[in-house]
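There are 2 protein chains.
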Amino acid sequence: MNPVEIIRKKRNGSKLDRQEIEFFINGYLRGSVSDYQMSAFLMAVYFQKMDFEETAVLTDVMVHSGVVVDLSSIEGVKVDKHSTGGVGDKVSLILAPMVAACGVPVPMISGRGLGHTGGTLDKLESIPGFKTNLSIDDYKKNISQINLVMIGQTDEIAPADRKLYALRDVTGTVESIPLIAASIMSKKIAEGIDALVLDVKTGRGAFMQSESDAIELAKNLIQIGKIFGKKTIALLTDMNQPLGYAVGNWCEVVECIECLQGKNVPDLMEVTYALGGGMLMLAGTAQTVEEGISMCREVIKSGKAFEKFNDLVKMQEGDISYIKNPEKYPKSKFTKEIKSTSSGYIGHIDALEIGFISVMLGAGRMKVEDKIDPKAGIVLAKKIGDFVENGEILAKIFTDRGEIMDTAVNRLEKAYQIASEPPVFQPLIHGMI
Amino acid sequence: MNPVEIIRKKRNGSKLDRQEIEFFINGYLRGSVSDYQMSAFLMAVYFQKMDFEETAVLTDVMVHSGVVVDLSSIEGVKVDKHSTGGVGDKVSLILAPMVAACGVPVPMISGRGLGHTGGTLDKLESIPGFKTNLSIDDYKKNISQINLVMIGQTDEIAPADRKLYALRDVTGTVESIPLIAASIMSKKIAEGIDALVLDVKTGRGAFMQSESDAIELAKNLIQIGKIFGKKTIALLTDMNQPLGYAVGNWCEVVECIECLQGKNVPDLMEVTYALGGGMLMLAGTAQTVEEGISMCREVIKSGKAFEKFNDLVKMQEGDISYIKNPEKYPKSKFTKEIKSTSSGYIGHIDALEIGFISVMLGAGRMKVEDKIDPKAGIVLAKKIGDFVENGEILAKIFTDRGEIMDTAVNRLEKAYQIASEPPVFQPLIHGMI
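Just so you know, the sequences run in chain order R and H. In the numbering used here, each number is its position in the first sequence, counted from 1, plus 3. In the numbering used here, each number is its position in the second sequence, counted from 1, plus 3.
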């Protein structure tokens, strides 16, 4: 067996067997398969795909490239959620404490933002002092103590995925369903969960822009989950406009604090409750998703969810005074209000463009090594379906980068589409698989 | 512009403009585009192809990555030949001195064998002392003195091609028509020729196994030649069985010496004369290909072609005593005769398999760094259409690697197919474009 033969075999559309996938992935970790051979292979997979069996083997090889955390000593059904990523997708920060407050252990390993989408880790780290790089021991300890932990991928968890993901990002090989599926599931399986709820996003601001691709990805993820004995369900949700109003790191944390305190941001909370209901159903705490949703509403109303969020922040060394008093957070040097130049209904807000503008403001990164400004971002004032008067505020921009403000304003104005008629209603949750 | 954007653009099937191709190729040479980005790009080109305009731009960028040799001070129309590679393809060693003997300057830059095909440089270097790494100054000097020079690609000639070819070889991205076309033509244009005859091989032992691919490649090559003001024609020739009888380095040189001395090896000389006729026609020395062929036959018959070959060997420091007396060459440690186990007509000889067996014997390389044994090889005794008696010799094996002899014998026996009826005649030259 040699690397070139395997690249050529996949390139020619043949199915790879376990031995070949193991040889290639493990060889890459050991250095006998080089970066340039792996990237050619990934591009061949992009074009020739992998069938379900190959994807499951790839996932398995990636899981066993590192440690599989054993959480069996912790009581209860451990449930996690994974989102395929979107703009303003801050759901985890509300969802995880909410479900944990219902008595279900939530061990969550999250990622960073890349490209136009944000990442849960960056949002958490915008809380001064908050640590996301816990050891596996602390990870286990925290779950057993407060039912909740939110960390980043460690060196021990699926190192093959870590290395592959970094390479895919710089070689134009991200958008491949088998590669995405193996990447997501290898991390989730290695983190020691029993069940998983997926939020597969579709639309302009999602990685899977077409609904059929999103459905295919969801089916792949569920099938792999089954193979590994993890109860898995998927929600297909809309990502045509940003979720909620805030897009940026600290401003999203503030929105989450408000929601945890009972504020209703309709689209954000609809998705959060639906996912929470699914998690409680999988955990066996609720009989149905609907019952689970009711339980979630209860812990938000009672303040238990917010209390759990505070426990999380304290446990991971975040400065709780900023949660109690978000106003004391440092402010961006420049702010600007975008005002409507006509009256009408908001017909469309381009989530992808909003994502890219927020990166430009400093809220995201285009390269792994880019630094993030937690204060930077956009807070929308109007969303799809809202009526706006001429001169009314559409959104507010926050940044330390004065030099790009004009460009940002210009692009943000164009990201809004205003029509004389209200838009046709589009459901936020397209379905459950 | 950034490398990932360009990879994604090609991956999605869009046409790249000159700026983008320049940015990517020159960036690769300077190091701002990495190996792994280039290999992902090459695989994307494998799948999405390049149109003729992109291929011409790629060629141009590769030509100007190095020196374009100026041969305008040398009188006459400088003509070269390029073969897309085959098994037993020793044509250049007869053709170049033959055409030079007709008064046409032949500046030839050749390659090494890789995979199942041999390379002219390895064959020349099997002549003790023969130097192929001349400077550009010596290259020009030799042409002006004896109308003939045969060297390897120098660091100055199309360095982008050199670097790209090495990468394609280890990443499964060799078999791409635009990449092959740009690779061939960039070297040929940079070497300073005025006209070019192409030998595009098709069949089992060729890189382009299908005739339609071979025709597409030929058309691409000719179109690029035209753009750069080089008169270019292509012959489409058969590569289903090895060309001539010898497959290996020194044994092929011996076969060429015999042919230069007037021996007729039918298929080998038919191709050689046709290409020679084409070269003389392009040079304007002959009015038609047929007239050119007659002139070539004349210089073989008169001994002038062999004399020119001797001049070449002397000029490039080869030991002429081995040309005068090939028998004094060192012998392989092991030889074996393959005998037929039935009587009948040779219906088929698998050129690809013969190529791979010869590599195994030591005559070729699977990796760039492999060392070649010039003595190793196979000399066929029978070719397609020949009648063979039970027990008669089919071929002879030469190698220093005793341990692989049994495998080689076994595979060689299977490479021959013997039938009771003579095979249907297949023309050697499929056409001229």
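Here a beta-carbon is modelled for each residue, glycine too, at the ideal position from N, C-alpha and C.
9 Å Cβ cut-off: residues of chain R touching residue i
i         : result
Gln212(H) : Here the premise fails: no neighbours, minimum Cβ distance about 13 Å.
Asp38(H)  : Ser37, Asp38, Tyr39 and Ser42
Proximal residues of chain H, C-beta to C-beta of residue i below 7 Å
i         : result
Ile10(R)  : Thr174 and Gly175
Phe50(R)  : Phe50
Leu170(R) : Tyr39
Arg414(R) : Simply none; closest approach about 18 Å.
Beta-carbon proximity of residue i to residue j, cut-off 7 Å
i         : j         : result
Gly114(R) : Gly121(R) : no
Ile192(H) : Ile154(H) : no
Ala418(H) : Asp353(H) : yes
Gly358(H) : Gly208(H) : yes
Ser6(R)   : Gln51(R)  : The sequence shown places Pro at residue 6(R), rather than the Ser named in the question. No, Cβ-Cβ distance for Pro6(R) and Gln51(R) is not below 7 Å.
Arg404(H) : Gly350(H) : no
Pro430(H) : Lys378(H) : no
Leu283(R) : Ala198(R) : no
Val90(H)  : Val292(H) : no
Val412(H) : Lys331(H) : no
Ile236(H) : Val200(H) : yes
Val94(R)  : Val274(R) : yes
Lys126(R) : Asn252(R) : yes
Leu151(R) : Leu315(R) : yes
Ile421(R) : Ser345(R) : yes
Residue i burial status per 10 Å Cβ neighbour count (16 or more: buried)
i         : result
Ser129(H) : buried
Ser343(R) : buried
Gly69(R)  : buried
Ala169(H) : exposed
Phe210(R) : buried
Asn393(H) : exposed
Val427(H) : exposed
Gly34(H)  : exposed
Ser189(H) : buried
Met1(R)   : Absent from the model: residue 1(R). The displayed extent of chain R is 4 to 436, so no value can be given.
Met53(H)  : buried
Asn243(R) : buried
Asp270(H) : buried
Lys304(R) : exposed
Gly16(H)  : exposed
Ser423(H) : exposed
Where residue i sits in the DSSP three-state scheme
i         : result
Tyr325(R) : helix
Thr58(R)  : helix
Lys134(H) : coil
Asp216(R) : helix
Phe428(H) : coil
Lys234(R) : strand
Ser35(H)  : coil
Val152(R) : strand
Pro110(H) : strand
Thr123(R) : helix
Gly30(R)  : helix
Ile396(H) : strand
Tyr248(R) : coil
Thr275(R) : helix
Gly358(R) : helix
Lys339(R) : strand
Tyr332(R) : coil
Met369(H) : coil
Phe312(R) : helix
Alpha helix (DSSP H) segment containing residue i, residue limits
i         : result
Lys417(R) : Met408 to Ala418
Val177(H) : That residue, Val177(H), is in no alpha helix (DSSP H); it is neither H nor E in DSSP.
Val302(H) : Val292 to Lys304
Chain-ordered chain R contacts of residue i [CB-CB under 8 Å]
i         : result
Val362(H) : Ordered by position in chain R, no residue passes the 8 Å Cβ test against Val362(H), which lies about 14 Å from the chain.
Met65(H)  : Those do not exist, as Met65(H) stays about 19 Å from chain R at its closest Cβ, beyond 8 Å.
Extent of the continuous beta strand (DSSP E) run through residue i
i         : result
Leu382(R) : Note that residue 382(R) corresponds to Val in the displayed sequence, not to Leu. Per DSSP, Val382(R) belongs to the beta strand (DSSP E) from Gly380 to Leu383.
Ala161(R) : Counting along the chain, Ala161(R) falls outside any beta strand (DSSP E), and DSSP gives it neither H nor E.
Ser75(R)  : Where Ser75(R) is concerned, there is no enclosing beta strand (DSSP E), given that its DSSP letter is neither H nor E.
Ile375(R) : Note, Ile375(R): premise wrong, no beta strand (DSSP E); not H, not E.
Chain-ordered neighbours of residue i on chain R, where CB pairs are closer than 7 Å
i        : result
Leu61(H) : None at all; the shortest Cβ gap to chain R is about 18 Å.
Chain H contact residues for residue i, given Cβ-Cβ distances below 8 Å
i         : result
Leu45(R)  : Ala43
Arg300(R) : Result: empty, since nearest Cβ-Cβ is about 43 Å, beyond 8 Å.
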